[in-house]
Structures are given as C-alpha cells and as structure tokens.
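Following: one structure in structure tokens, then a few remarks.
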Amino acid sequence: MTAYRSVFSLAVLLAFPGRAQEAPRARLSEADANAIVERALLFIPAVAASFDGGVIKGERIRVLMRPQMRARLMAKMVVPPAQLLSWARALAESELDHELLLQQAVGAGYKPDLPAASLQLEKRRDAMGEELYRETMAMQGVPEATVVRKLAENGAVNRWIAEQVEPSIALDETDAKAYFKKHRKEFALPRSRQLWHILVAKRPKAPKSRQRLLRRNAVEMRQRIAEGMSFQSVAKLGSDCPSAMNNGNLGLVSEDRLNKELRSAARKLKMGEISGIIESRAGYHLLMAGAGAPGRKLGFGEVKEQIMKQLQGETAAQAMERVKQRAHEAAHARVHIAAGKE
1 MTAYRSVFSL
11 AVLLAFPGRA
21 QEAPRARLSE
31 ADANAIVERA
41 LLFIPAVAAS
51 FDGGVIKGER
61 IRVLMRPQMR
71 ARLMAKMVVP
81 PAQLLSWARA
91 LAESELDHEL
101 LLQQAVGAGY
111 KPDLPAASLQ
121 LEKRRDAMGE
131 ELYRETMAMQ
141 GVPEATVVRK
151 LAENGAVNRW
161 IAEQVEPSIA
171 LDETDAKAYF
181 KKHRKEFALP
191 RSRQLWHILV
201 AKRPKAPKSR
211 QRLLRRNAVE
221 MRQRIAEGMS
231 FQSVAKLGSD
241 CPSAMNNGNL
251 GLVSEDRLNK
261 ELRSAARKLK
271 MGEISGIIES
281 RAGYHLLMAG
291 AGAPGRKLGF
301 GEVKEQIMKQ
311 LQGETAAQAM
321 ERVKQRAHEA
331 AHARVHIAAG
341 KE
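Residue 1 is where the sequence shown starts when you use the working numbering, and the numbers rise one by one after that.
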C-alpha cells in the first residue's frame, strides 16, 4: 500500500532540507527569537491556498513553521529567504492536497477514526519515551488533539487509497517482462570472492611521523604472515577493520562493493594468495583471497517479484499524482504563496 502522509508525521519531525548557515549574531533570547520569527513569516498571506468551499489560512502554515524557525534561530542558524519561501509553499501544497484527498475519502465513505488514531499516538508515545515524545510534540507546533485528528484523517485517506485507488492499477507479468527486457543489463550478479581483510586505518589529524608509522605497521603485519603467522591471527590482533572480530573474514564479497584499489587487487589474487600493501583513502590494506564466484545474468524468474513491486510502487505514485491533479482541477485549487527561486 502507498501510505499517504500529511505534514503531521510524529515519527519524523518536520524538516526543511535547506542547508543551515551560521547567523552572524550573538545567542538570542527566546523572546527575541519569537519576534524575529514573526517578522520572517509576514510574507505568508492571510489565505495560503484556496479551493471550492474552503481555504488554507496562512496562520495554519505559520503554526507549522514557527517551532523549527525558533529552533534554528536559537542555534544561530538561518534559512535563506528563497528557501524559506519554498518551504512555506511546500507546506501549503501539502495541506491543500490533504484537504482535497480527505474530501474524496470521506465522500467515498472512509471517515476518520479518532479512537484508533488516539491509540496509535499512545503506542508511539510508549515507543519513544516521555521526554522524546514531548520534544517531538513541541516541534509539531499544535495541540495533541490536532495531531490525533490529522492521524485519523491520514488513516481515512490511506484506507481509501488502498481499497479504491490501488486496486484500479492493472499490472501483470507482461509489464514485468517488458521492463526486464528493456533493463536487462541491470539484472546481473557481479563477480564475487571470499576475502579476508586487514586494515591499518589512516589518522588524518595525526602528525606526519605518526602517519609514516602506520604504513610501517602494515608492512610489519605482512612480514609476520610471511614468517608463518596466520592471516586470521594477524587480523584479529592488529586490524582496524570491524571484520577483525571475525578474524578478518569479510565473507563472499561482490566486486562492486569494493573500492577501486581493493577491487583491482582482489581480481589479481589467486585462491589462498595474499596481497601486498594496498593504499587507499581509508588506510593500508592486506587481502587474502578465497574461492571466487563468477558473475552471471539473472533470469526473469529470479527478479519477477522485485520488478512487480517496483512497477506497482511507481504506478501507484503516478496514479496518486493523477488523482491529486484531477482533484485540484475540479476544486479550482490554488496556492497563493509564490514559488521560491533557489
């Protein structure tokens, strides 16, 4: 099922993706931060969006933005004006979509279930713990009752999508086969090898004298192995790789998971052979090779389920966009906040 969410999602705080920047000012008092936030949000009009029979008030958008705006200011961080505008518009669009989809869901008989939403929130509260829950609720900027109502409305929309919208999406094996044929090269297993690994990690902040010692450590480990100490023992005692806990055993590793330096070395090693010192950005490496498995193309039967899930997700998303577009057109919906320029 393609889950629908409005901007109210208790699991994830409302997060604006703009890059935070240092604000060239001393730490603000909470009162000063509140005043600055109110001035910064004055650009939001009284009516942020409209549709036949209703409006999204600008205050509804400001309520959502205030908590995180305050948090950024208190942390000496600001959002550039263009991104602030884009943020506000995105929220207005999201709230508008929510209202229009909810209208359709309720019209089709899917009513919000407040008791179920309240129970859902209680379970989330228990899982998060009281302190984190309160912090999260504070960042929502609205009373708990509003969050419960929104969760209930989202639930109604999700049930409508699952039972009325998604069943209308017709996909069969023919679609999957066509996709498989078009993207045949994507469905292959790369060559892989059993590998053991030793790493002496670089310390970028260490002095040059220490850096030279790190390479010497790797050379000494290689020498111990040459003198008869097992690769596994040396890895366990001296490797910085997490695989040291498993005697350096990385298991069967596909070549595409290795960085270019290790990939090149691994391809040249014969079974049981140990590499020389390999330098990468991470540090100095030693590899020991085990049995290899050749790469191969995957058959349709091996990837059919994967393709079907991917196509269903893509088709469902496209269907939802069409549903929203038709709803916007039918309701003469408009967002009254200009699009920001990045």
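Virtual Cβ for every residue (Gly too), placed ideally from N, Cα, C.
Separation of residue j from residue i, as counted between CA atoms
i, j, result
"Gln194", "Leu114", "55 Å"
"Ser233", "Ala226", "13 Å"
"Pro17", "Phe43", "Only weak support is given to the placement of Pro17: the predicted model assigns it a pLDDT of 36, under 50, and the value that follows is read from those uncertain coordinates. Roughly 20 Å separates the two Cα atoms."
"Leu348", "Ala330", "Since the first residue of the chain shown is 1 and the last is 342, residue 348 is not available in this structure."
"Arg263", "Phe231", "19 Å"
"Ala293", "Tyr179", "27 Å"
"Arg326", "Val303", "35 Å"
"Phe51", "Tyr133", "34 Å"
"Gly283", "His98", "51 Å"
"Asn154", "Lys177", "35 Å"
"Thr146", "Gln306", "39 Å"
"Gly290", "Val219", "22 Å"
"Ala235", "Ile277", "14 Å"
"Pro207", "Ala201", "14 Å"
"Arg72", "Thr136", "15 Å"
"Asn259", "Ser280", "8 Å"
"Thr174", "Arg184", "15 Å"
"Arg267", "Leu250", "16 Å"
"Lys181", "Pro242", "40 Å"
"Ala339", "His328", "17 Å"
"Lys324", "Glu131", "37 Å"
"Leu237", "Lys205", "24 Å"
"Glu166", "Leu151", "21 Å"
"Arg224", "Ser239", "13 Å"
"Lys309", "Ser29", "51 Å"
Cβ-Cβ separation, residue j to residue i (assumed contact under 8 Å), whole Å
i, j, result
"Asn80", "Ile337", "The amino acid occupying residue 80 in the given sequence is Pro; Asn does not appear at that position. About 16 Å; that fails the 8 Å criterion."
"Ala49", "Arg334", "6 Å"
"Val106", "Arg70", "Val106 to Arg70, Cβ: 34 Å. No contact."
"Arg210", "Arg216", "Not really, about 10 Å apart at Cβ, beyond 8 Å."
"Leu102", "Ala156", "7 Å"
"Val47", "Gly58", "6 Å"
"Arg197", "Gly248", "Note that residue 197 is His in the sequence shown, not Arg. Going by Cβ atoms, the distance from His197 to Gly248 rounds to 5 Å, so yes, they are a contact pair."
"Ala90", "Gln164", "About 27 Å separates the two Cβ atoms, so there is no contact after all."
"Ala265", "Leu287", "6 Å"
"Leu199", "His285", "6 Å"
"Glu95", "Arg60", "6 Å"
"Gln104", "Trp160", "7 Å"
"Ala33", "Met74", "5 Å"
"Ala92", "Ile56", "6 Å"
For residue i, three-class secondary structure by DSSP
i, result
"Phe231", "helix"
"Ile337", "coil"
"Pro24", "Its pLDDT being 46, under 50, Pro24 is placed unreliably by the model, and the measurement read from it follows with that caveat. Note: Pro24 maps to coil in three-state DSSP."
"His98", "helix"
"Met271", "coil"
"Val78", "strand"
"Asn246", "helix"
"Val323", "helix"
"Gly129", "coil"
"Leu252", "strand"
"Ser264", "helix"
"Arg159", "helix"
"Ser239", "coil"
"Gly53", "coil"
"Val141", "In the sequence on display, residue 141 carries Gly and not Val. If DSSP states are grouped into helix, strand and coil, Gly141 belongs with coil."
Segment contact, 8 Å Cβ cut-off, at least three pairs: the region 67 to 87 with the region 111 to 126: no
Stretch pair the region 296 to 306 + the region 248 to 257: three plus CB contacts closer than 8 Å: no
Cβ contact (3+ pairs, closer than 8 Å) linking the region 259 to 273 and the region 310 to 322: no
Minimum length 4: unbroken alpha helix (DSSP H) runs contained in the region 161 to 223: 173 to 182
Touch test, the region 59 to 67 against the region 139 to 151, Cβ-Cβ under 8 Å, three pairs minimum: Yes: at least three Cβ pairs fall under 8 Å.
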